[in-house]
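The structure appears below as structure tokens.
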Amino acid sequence: MKRSVMAAVLTALLLLNSGCRARLASSQSDFYAMDTFMTVTAYNPDEQLARSTQTEIEQHINALDALMSRQRVESETAKLNAAKGAVVTVDPKLYDVLETAVRYARETDGAYDPTTAPLSDLWQIGTDHAHVPTQAEIDTALQQVGWENIHLLGNDQVQLTNGAQIDLGGIGKGYAANDAAAICRTAGDTLRVLAQLGGNIIGVGQNPKSDTGEWVIGVADPDKTSEYVATVAITEESVVTSGDYERYFEQDGKRYHHIFDPKTGYPADKGLRAVTVVDADSAKADALTTALFVMGLERGLEYCASHEIKAVFITEGREVIPTDAVRAQYTFTGAKAGYTDGQ
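Numbering (this note's numbering), first residue to last: 614 to 956.
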């Protein structure tokens with residue numbers, strides 16, 4: 614759900630203090646995977662360790678992409694989608710991703726749903742063929758949508774019923790970010806890594822260019838994504854954003870974006886421009902940004918309050934609203950751009 618070019622979701626800049634905690638070698642890799650541009654930067658006194666860790670993360674993400682991409686006909690996800698209801702034994706890693714996706718679909722009452730592929734295929738947002746389908750076409754596609762149609766049978770066996778089709782775009786990069794963090798921690802306590810996986814950013818270890826050790830991430834202005842309307846300071850956490858400005862088209866003066874409401878079949882239209890979630894679990898943050906966007910502000914804030922979710926909402930009325938759980942890490946910066954602080 615959050616496929617985008619770099620900086621289309623969060624500003625790619627890191628707000629670094631002028632101080633430097635240590636003299637560390639760094640190794641950076643820029644690559645394209647999971648339908649977005651990614652950058653992984655590793656810092657360590659041992660340059661070889663920094664380089665090998667950065668390389669291992671890149672290779673691991675590419676392997677996950679080959680497993681989870683539904684566009685690659687040779688991927689296990691594509692084969693599962695093509696199985697026409699037959700029971701399929703999948704790679705244990707894919708089974709784990711599906712378990713994670715189903716868990717968050719259940720916990721959000723379907724506001725996040727990994728079976729919206731038929732809607733994406735119907736609307737074709739992000740392609741030259743984007744269009745508003747007929748209601749009859751939407752109703753037909755909705756018959757195939759519903760996370761309850763994913764049956765996890767154990768022993769890595771999966772069955773999709775009622776024509777369900779899997780799309781892991783709304784959780785895949787978060788899952789990859791979690792794996793990247795695990796690779797870093799295995800490499801040793803002295804390693805610091807910033808992984809920018811499209812709209813998913815995760816910082817592992819202390820920021821070597823900050824006196825406080827924090828990674829300070831800018832939350833993009835939906836109207837000018839090279840600038841930011843707020844910042845969040847993190848350590849050992851992930852920052853993930855979903856917004857209506859990532860992939861969209863306009864028809865008859867109305868904007869249609871790629872974040873679908875699984876219950877209506879239309880792009881979610883609840884008065885929001887973007888939602889950012891901060892969490893140590895990047896897969897959780899990934900799923901929740903979509904879910905909260907679909908819920909809308911009122912229901913989303915209620916969900917965040919009852920689950921202690923760190924989130925920042927940006928409304929169509931140009932208001933930036935942080936939840937109570939994120940306030941200590943949040944700084945509003947959007948006044949000059951015409952935004953108001955909803956604290």
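Cβ atoms here follow ideal geometry from the backbone N, Cα and C, with glycine treated the same way.
For clarity, every value in this text was computed on a predicted model and none was experimentally measured.
In this structure, Asn657 is the residue among Phe650, Thr928, Asn657 with its C-alpha nearest to the C-alpha of Arg805. Taking one beta carbon from each stretch, the region 819-830 and the region 763-772 have fewer than 3 pairs nearer than 8 Å; the two do not touch.
Counting C-beta pairs with one atom in each stretch, the region 719-735 and the region 776-792 have three or more that are closer than 8 Å, which means they touch.
One Cα belongs to Glu761, the other to Val845, and the distance between them is close to 35 Å. Assignment of Arg860 by DSSP, reduced to helix, strand and coil, places it in the coil class. A straight line joining the alpha-carbon of Thr652 with that of Ala749 spans about 42 Å. Straight through space, the alpha carbons of Ala743 and Asp865 are spaced by roughly 13 Å. In terms of CA proximity to Ala898, Ala714 leads the group Ala714, Asp874, Gly878, Lys876. The alpha carbon of His764 has as its nearest neighbour, out of Tyr879, Asp709, Gly801, Ile814, the alpha carbon of Asp709.
Within a 10 Å sphere around the beta-carbon of Pro705 sit fewer than 16 other beta-carbons, which makes this residue exposed. For a cut-off of 8 Å, the C-beta gap from Gly947 to Val842 is around 3 Å, short enough to register as a contact.
As the crow flies, the alpha-carbon of Thr944 is around 10 Å from that of Val933.
For Gly909, the secondary structure class from DSSP, reduced to helix, strand or coil, is coil.
As computed with DSSP, Ile763 is found in a beta bridge with Leu773. Cβ-Cβ separation between Ile796 and Ser895: approximately 13 Å, too far for a contact (criterion under 8 Å).
Taking 8 Å as the upper bound for CB-CB distance, Arg683 and Asn694 are in contact here, some 6 Å apart.
Judged by DSSP secondary structure, Ser665 falls outside any beta strand (DSSP E) and instead within the alpha helix (DSSP H) spanning 660-681. With the rule of 3 Cβ pairs closer than 8 Å, the region 900-911 counts as touching the region 849-861.
Contiguous alpha helix (DSSP H) elements confined to the region 764-851 occur at 785-800, taking only those with 4 or more residues. Here Ser688 has Ala679, Leu680, Met681, Ser682 as same chain residues with Cβ atoms under 8 Å from its own Cβ, once five neighbours each way along the sequence are excluded.
Per DSSP, the beta-bridge partners of Asn657 are Ala638.
Taking a C-beta distance under 8 Å as the contact criterion, Glu850 and Ala893 qualify as a contact pair. Taking the C-beta atoms as reference points, Arg868 is found no nearer than 8 Å to Tyr879.
The residues Leu766, Gln770, Val771, Gln772, in chain order, have a CB closer than 8 Å to that of Val700 in the same chain once the five nearest residues on each side in sequence are set aside.
Judged by DSSP secondary structure, Val758 falls outside any beta strand (DSSP E); it is assigned neither H nor E.
Between Ala655 and Ala663 a beta carbon distance of about 4 Å is seen, short of the 8 Å cut, so the two are scored as contacting. Around the Cβ of Val686, a 10 Å sphere holds fewer than 16 other Cβ atoms; the residue is exposed. Scanning its chain for C-beta atoms nearer than 7 Å, with the 5 sequence neighbours on each side dropped, one finds around Ala724 the residues Ala904, Val907, Met908, in chain order.
For Thr928, the enclosing beta strand (DSSP E) covers residues 923-928.
Contact between Phe926 and Leu910 holds: their C-beta atoms lie close to 6 Å from each other, under 8 Å. Residue state for Glu932 is assigned as strand, using DSSP reduced to three classes. A buried status is given to Thr928, since no fewer than 16 other beta-carbon atoms sit within 10 Å of its beta-carbon. Taking all protein chains shown into account, Ala696 has fewer than 16 neighbouring C-beta atoms within 10 Å of its C-beta and is therefore exposed.
By a beta-carbon distance limit of 8 Å, Ser642 contacts Thr668. Their separation comes to about 7 Å.
By the neighbour-count criterion, in which 16 or more other beta carbons inside 10 Å mark a residue as buried, Lys923 falls on the buried side. About 5 Å separates the CB atoms of Val832 and Thr889; that is less than 8 Å, so the two are in contact.
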